[in-house]
Amino acid sequence: MDLKNCTPVLFVKDAQKAREFYTDILGMTIVADFGGMNLVFKEGFALWQIMEENIIPQTLGPENIYNSKCVSRFELCFETEEIDKIYKTLKEKNVKFLHEMNLELWGQQNIRFYDPDGHLIEVGESMSFFLRRIYNEEGQNLEATSNRTFTPPDVLKQILGI
């Protein structure tokens, strides 16, 4: 079996509204637009506006495609080095949060929020960014950073370039 090109797809009610959220608020880039109904993003996922005559809602039932209680079984997870800037932008745009700024047990800061269709999105500090931050907070002590972040020292050395 030779499977290729796995693309996560989110079903949306209104592709134009979703486009505006992902491009204008989150700053993502569309690399392919198929009639405004199927949008593919450089960041590695796609949005599909599902029409009732499509086989998916015909099979699953349209009430199950857009049931916000069903869509939070997964999340789109993105990394950034600008978490504070993104958080501020989302607050200004009145985006609905699952939780606001959070410090995970391993030291990474993140936020989780919903897109207009109720899909859960996480934005967290990139691994290299938060590991460098913790490394500096720990006085550039590799062992202390490893213990605090649950990251093996050899992996830390590789990520931090030390």
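In the UniProt record's numbering, the protein residues as written are 1 to 162.
Backbone N, C-alpha and C define an ideal beta-carbon position, used for all residues, glycine too.
Open item on the list: Within 10 Å of its beta-carbon, does Leu140 have 16 or more other beta-carbons around it, so buried, or fewer, so exposed?
Closed with: The residue you asked about is not Leu; residue 140 is Gln in the sequence shown. Looking at its Cβ environment, which holds fewer than 16 other Cβ atoms inside 10 Å, Gln140 is exposed.
Task: Bounding residues of the beta strand (DSSP E) (the contiguous stretch that carries Val123) - done: 120-125
- [ ] Rank Ile25, Phe11, Glu81 by C-alpha distance to the C-alpha of Val40 and give the top, closest one.
- [x] Phe11
Task: Residue range of the unbroken alpha helix (DSSP H) whose run includes Phe87 - done: Going by the sequence as given, residue 87 is Tyr instead of Phe. Where Tyr87 is concerned, the enclosing alpha helix (DSSP H) stretches over 83-92.
Task: Cβ-based neighbour list, Phe113, same chain, cut-off 7 Å, excluding 5 preceding and 5 following - done: Leu90, Val95, Lys96, Phe97, Leu98, Ile121
Open item on the list: To the nearest angstrom, how far is the alpha carbon of Gly45 from that of Gln158?
Closed with: Per the sequence presented here, residue 45 reads as Phe, with Gly not at that position. For Phe45 and Gln158, the distance between alpha carbons rounds to 28 Å.
TODO: For the alpha helix (DSSP H) containing Leu142, list its first residue and its last residue.
DONE: 142-149
- [ ] Could you tell me the distance, in whole angstroms, from the CA atom of Met51 to the CA atom of Cys77?
- [x] 26 Å
Task: Neighbourhood of Glu81 by C-beta, 6 Å cutoff - its chain only, sequence neighbours within 5 removed - done: Ser126, Phe129
Task: Backbone CA spacing between Cys6 and Asn136 [nearest angstrom] - done: 37 Å
Open item on the list: Taking the beta carbon of Gln16 as the centre, do at least 16 other beta carbons fall within 10 Å, making it buried, or is it exposed?
Closed with: exposed
Open item on the list: Using a 10 Å radius around the Cβ and a threshold of 16 neighbouring Cβ atoms, would you call Thr29 buried or exposed?
Closed with: exposed
TODO: Name the residue from Ile83, Thr59, Trp48 whose alpha carbon lies nearest to the alpha carbon of Phe34.
DONE: Trp48
Open item on the list: Rounded to the nearest angstrom, what separates Gly36 and Ile86 at their Cα positions?
Closed with: 26 Å
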